[in-house]
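Student: Quick one: structure below, then a few questions.
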Amino acid sequence: MGEELKEKLFHPKENGWKNTDETKKQEIFKLSKNYMAFLNQAKTEREFIKQARKLADANGYKDIIEFETLKPGDKVYFVNREKSMYLAIIGENSIEDGMHIIGSHVDSPRLDLKPNPLYEDTGFAYFKTHYYGGIKKYQWTTIPLSIHGVIVKTNGEKIDVTIGEDENDPIFTITDLLPHLAQEQMEKKLKNGIEGEDLNLLIGSIPYQDKKVSDKVKLNILNILNQKYGITEVDFTSSELEIVPAFRARSLGFDESMIAAYGQDDKVCAYTSLMAMMELDHVKNTAVCILSDKEEVGSMGNTGMESHMFDFFVSEMLNKLQINRPNLLDKVFCFSKMLSSDVDAGFDPIYSSVSDKTNAGFLGKGIALVKYTGARGKSGASDANAEYVAWVRNVLEKNNIQYQLTELGKVDIGGGGTIAYILANKGTDVIDCGVPVLCMHAPYEVTSKYDVYAAYETYLAFWKE
Ligand code: MN
Ligand code: MN
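According to the numbering used here, the sequence shown holds residues 1 to 465 in order.
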């Protein structure tokens with residue numbers, strides 16, 4: 001009697017694997033396998049966008065610039081400075097009735113080279129770095145690191161750099177003190193154990209063979225770089241070189257239920273939404289996929305979501321649909337719906353004290369909807385309206401997709417944000433909707449394959465709605 005009533009009235013948050021049959025499990029594992037292969041090709045925002053563009057081209061999408069006019073069913077994209085991208089399928093309904101937007105970010109915490117990175121000290125050559133995004137600095141020492149990015153010469157020539165990924169490439173690392181001599185260091189607060197200025201990448205130790213010249217190791221490195229890339233030291237000043245973990249994405253656990261990989265925040269949502277977008281053909285409402293940059297440092301700049309580049313893209317759609325008029329852009333935003341597809345903090349039993357177990361996001365329990373983020377009394381939160389949460393729930397429930405409504409940690413313990421507020425400020429209905437992650441922002445982040453698949457299903461269902 002009580003059990004029946006309980007079943008009827010309670011909202012259980014079940015482990016998704018429990019109701020997964022073998023066929024579904026194979027599908028889940030297949031998507032994750034492709035996801036891991038993609039991650040290995042796309043560790044930085046530029047690499048992600050490059051791969052995304054290839055996929056889009058192969059699936060009938062074209063640069064919006066190539067279109068004179070647009071009609072329902074047309075597939076368009078716009079690549080913004082190789083670092084962010086918007087894709088859209090024009091819907092059967094008028095775009096005036098609003099778009100269905102899914103927005104993720106493709107940048108991840110990392111170490112960037114300083115503008116003048118190269119120096120020599122006591123027989124070693126180093127690159128100086130400046131960390132990007134919120135990292136725990138000690139996690140970035142004594143792990144294999146690779147260098148990715150571009151060097152642009154004054155004549156406009158752009159040199160792509162990827163070193164440390166191929167088995168035959170060398171890797172790089174940042175040293176840390178041996179425990180035998182670390183007594184003082186170990187007394188420090190964890191956040192001060194490794195200083196930002198000490199995150200210097202070890203890149204060489206052979207001196208240039210010439211008795212008289214100084215800075216021999218630095219000279220030898222520059223000579224190697226000159227032969228390999230045709231650059232001199234000044235060319236670093238117009239480069240964007242990013243240091244990322246050299247690990248590959250791997251299945252995690254004896255049961256292979258999880259994924260360990262760098263940059264899953266937020267490439268897991270970026271990838272699953274992109275794959276869902278590639279599945280779509282005709283849609284009722286104009287479907288838009290945002291792959292943004294600079295989320296980890298506040299979404300500023302002309303590749304970040306705060307810029308007007310997205311407005312420009314939507315305006316171009318309105319122009320080419322030949323319906324544009326003053327203030328139409330505002331109207332379109334006000335009638336649009338959005339999933340801010342960004343990762344959620346997964347509940348970690350080892351660090352359970354930071355979470356409210358009743359409201360935490362759990363790995364393996366499905367897509368996480370975060371009604372509001374923010375910190376200290378929801379400050380800075382974009383809080384989804386109950387009406388919109390109900391609308392999203394309905395989409396998920398009728399498509400049999402398992403979801404959980406979550407909060408980022410206990411009250412007053414911390415907080416965070418996503419790009420949700422940016423579109424919400426334009427009048428769009430937005431809710432955060434992503435995959436729970438363990439050790440977010442660490443060089444190796446952990447997700448559940450079940451949730452990765454749930455994200456894919458969610459994004460597909462939202463766009464088909
Ligand atoms: Mn994120
Ligand atoms: Mn993040």
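C-beta: ideal position from N, C-alpha, C; glycine also.
Every value quoted in this text rests on a predicted model; they were computed, and no experiment measured them.
In chain order, what are the residues with a CB under 6 Å from some non-hydrogen atom of ligand 2?
Tutor: Asp265, Glu296 and His441
Student: For ligand 1, is there any heavy atom lying closer than 6 Å to the beta carbon of valine 343?
Tutor: yes
Student: Taking the CB atoms as reference points, tell me whether isoleucine 466 and alanine 384 lie closer together than 7 Å.
Tutor: The first residue shown for the chain is 1 and the last is 465, placing residue 466 beyond what the model contains.
Student: With H, G and I counted as helix, E and B as strand and the rest as coil, what does DSSP make of valine 389?
Tutor: Three-state result, valine 389: helix.
Student: Along the chain, where does the alpha helix (DSSP H) that runs through lysine 331 open and close?
Tutor: 328 to 334
Student: Helix, strand or coil for glutamine 322, going by three-state DSSP, please let me know.
Tutor: coil
Student: Leaving aside the five residues before and after cysteine 484 along the sequence, list all residues of the same chain whose C-beta is less than 7 Å from its C-beta, in chain order.
Tutor: Nothing can be reported for residue 484: it is not among the residues displayed for the chain, which extend from 1 to 465.
Student: Taking C-alpha atoms, which residue in Met338, Ser336, Ile143 and Asp356 lies nearest to alanine 345?
Tutor: For the options Met338, Ser336, Ile143 and Asp356, the alpha carbon positioned closest to that of alanine 345 is the one of Asp356.
Student: So, using beta-carbon positions, are histidine 105 and lysine 337 closer together than 7 Å?
Tutor: no
Student: On a CA-only basis, which of Lys218, Glu120, Gly417 and Gly366 is nearest asparagine 399? Give me that one, please.
Tutor: Per the Cα distances, Gly366.
Student: Whose C-alpha, out of Gly196, Lys189, Tyr126 and Gly60, is nearest the C-alpha of lysine 137?
Tutor: Shortest Cα-Cα distance from lysine 137 to any of Gly196, Lys189, Tyr126 and Gly60 involves Gly196.
Student: Output the distance between the C-alpha atoms of tyrosine 61 and glutamate 3, rounded to the nearest integer angstrom.
Tutor: 52 Å
Student: Does lysine 320 pass the burial test, meaning 16 or more other C-beta atoms within 10 Å, or should it be called exposed?
Tutor: buried
Student: For threonine 428, count neighbouring Cβ atoms within 10 angstroms of its own Cβ and tell me buried if that reaches 16, exposed if not.
Tutor: buried
Student: Whose C-alpha, out of Gly103, Asp107, Thr122 and Tyr126, is nearest the C-alpha of lysine 114?
Tutor: Tyr126
Student: Extract the residue ranges of the beta strand (DSSP E) inside the segment 165 to 239, only unbroken runs of 3 or more that lie entirely within it.
Tutor: 201 to 204
Student: Could you check where the alpha helix (DSSP H) with threonine 458 kicks off and where it finishes?
Tutor: 449 to 464
Student: Assign aspartate 451 to buried or exposed, taking buried as 16 or more other Cβ atoms, counted over all protein chains shown, within 10 Å of its Cβ.
Tutor: buried
Student: Comparing C-alpha positions only, which one of Gln264, Glu14, Phe78 and Leu145 sits nearest to tyrosine 35?
Tutor: Among Gln264, Glu14, Phe78 and Leu145, the Cα nearest to that of tyrosine 35 is on Gln264.
Student: Among Asp21, Thr458 and Ala420, which one has its Cα closest to the Cα of alanine 368?
Tutor: Thr458
Student: Using a Cβ-Cβ cut-off of 8 Å (strictly less than) and excluding sequence neighbours within five positions of glycine 134, which residues of its own chain qualify?
Tutor: Pro109, Glu296 and His441
Student: Would you mind stating whether isoleucine 90 and proline 72 have Cβ atoms separated by less than 7 Å?
Tutor: Result yes, Cβ atoms of isoleucine 90 and proline 72 sit closer than 7 Å.
Student: Would you mind working out which of Gly298, Asp311 and Gln185 sits nearest aspartate 198, comparing C-alpha positions?
Tutor: Gln185
Student: Can you list, in chain order, the residues of its chain whose CB lies under 6 Å from that of isoleucine 231, leaving out five sequence neighbours each side?
Tutor: These residues qualify, in order along the chain: Ile151 and Leu225.
Student: Within a Cβ cutoff of 6 Å, which residues of the same chain sit near glutamate 27, ignoring the five residues on either side of it in sequence?
Tutor: none
Student: Measuring CB atoms only, is the segment 405 to 421 touching the segment 347 to 361, in the sense that at least three cross pairs come out at less than 8 Å?
Tutor: yes
Student: Residues in the same chain with beta-carbon distance under 6 Å from glutamate 242, minus the five sequence neighbours each way, listed in chain order, please.
Tutor: Thr44, Arg110, Asp112, His148 and Gly149
Student: Work out the CA separation of methionine 258 and arginine 250 for me, nearest whole Å.
Tutor: Going from the Cα of arginine 250 to the Cα of methionine 258 covers about 9 Å.
Student: Hey, how far is the Cα of threonine 23 from the Cα of leucine 118?
Tutor: Between the alpha carbons of threonine 23 and leucine 118 lies a gap of roughly 53 Å.
Student: So for proline 349, helix, strand or coil by DSSP?
Tutor: Proline 349: helix per DSSP, three-state reduction.
Student: Can you list, in chain order, the residues of its chain whose CB lies under 6 Å from that of proline 552, leaving out five sequence neighbours each side?
Tutor: Residue 552 lies beyond the residue range present for the chain, which begins at 1 and ends at 465; the question has no answer from this structure.
Student: Measure how close the beta-carbons of tyrosine 262 and proline 443 come, nearest whole angstrom, since I'm counting them as under 8 Å.
Tutor: 6 Å
Student: Can you give me the Cβ contacts of lysine 449 inside the same chain, cut-off strictly under 7 Å, excluding the 5 residues immediately before and after it?
Tutor: Ile28, Phe29, Ser32, Ser257, Met258 and Ile259
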